[in-house]
Amino acid sequence: MPTMCKTFLTIFSHLPVYLVAAFAKRLSRLAVTALPAALLMVIPFICNLIRRHPACRVLIHRPSAADEACDDPYLMEDPTQCYALESSLWELQTLQKHCQPDVAKAAMAINKPLSQQKDDISEVLELSTYEQMERDLKQSKTVPLEFDHAIKLLQGTGGVGVLGLHFSLE
């Protein structure tokens with residue numbers, strides 16, 4: 001992990017939990033509209049923040065989060081009065097259904113118990129969008145196909161096809 005990121009996370013360990021929760025919530029809000037390359041950096045970073053501050057786990061494991069998705073108490077304007085700890089990270093649950101498989105897999109990490117080991121995001125920080133697309137294109141995926149070839153689909157009785165019965169040039 002780059003030293004700047006380590007320093008940043010170390011500084012976060014000295015901040016009050018409500019500020020860290022506000023920052024994690026703000027990052028997750030921005031992640032909803034971010035590019036996939038940025039999401040591969042932001043999602044593990046949010047998980048690392050929650051690992052550093054176990055009191056922020058309430059953002060993930062809120063029992064009534066599904067009911068509150070329509071009525072999120074979070075207010076972005078002021079981090080000190082934003083009600084981030086009363087909210088949830090529903091944005092990460094939304095990203096679990098992302099069209100890019102790597103992003104969906106990264107967002108699924110919040111469903112598992114977070115280990116004490118931090119996610120190493122150094123390799124993702126150096127990955128450009130072009131390199132990510134090239135890597136995805138090189139992965140050959142076998143898609144199971146099962147179909148029967150159509151035989152005599154449009155042939156009717158007496159050698160006249162079904163189309164010949166309904167459409168004629170006469």
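Under the UniProt record's numbering, the residue at position 5 of the sequence shown is numbered 5, and the numbers go up by one with no gaps.
The beta-carbon is built from N, C-alpha and C at its ideal position, and this holds for glycine as well.
- Membership of V103 in the alpha helix (DSSP H) is indicated by the continuous run 101-107.
- Under the three-state reduction of DSSP, I121 is assigned to coil, being neither helix nor strand.
- Y18 and K105 have their C-alpha atoms roughly 28 Å apart.
- Taking a contact to require three or more Cβ pairs closer than 8 Å, the segment 75-82 and the segment 91-103 do not qualify as touching.
- Annotated as distal: V20 and A31, with beta-carbon spacing of 7 Å or more.
- Per the C-alpha coordinates, the member of E134, K25, R52, L35 positioned closest to H14 is R52.
- Apart from sequence neighbours up to five positions away, the residues of its chain that approach C47 with a beta-carbon distance below 8 Å are A109, I110, L114, D119, ordered along the chain.
- Excluding five sequence positions before and after M133, none of the CB atoms of its chain fall closer than 8 Å to its own CB.
- In this structure, the beta-carbon distance from P73 to S87 falls below 7 Å.
- Judged by DSSP in its simplified three-state form, I60 adopts coil rather than helix or strand.
- Counting C-beta atoms within 10 angstroms of its own C-beta, L92 has 16 or more neighbours from the protein chains shown and is therefore classed as buried.
- Between the alpha carbons of I60 and S128 lies a gap of roughly 29 Å.
- Cβ contact annotation for V103 (same chain, cutoff 8 Å, sequence separation greater than five): P36, L39, L40, I43, L95, in chain order.
- Shortest Cα-Cα distance from F23 to any of L85, E131, K112, D136 involves L85.
- Membership of M133 in the alpha helix (DSSP H) is indicated by the continuous run 129-138.
- Taking C-beta separations shorter than 8 Å and ignoring five residues to either side along the sequence, the partners of L75 in its chain run Q81, C82, Y83, following chain order.
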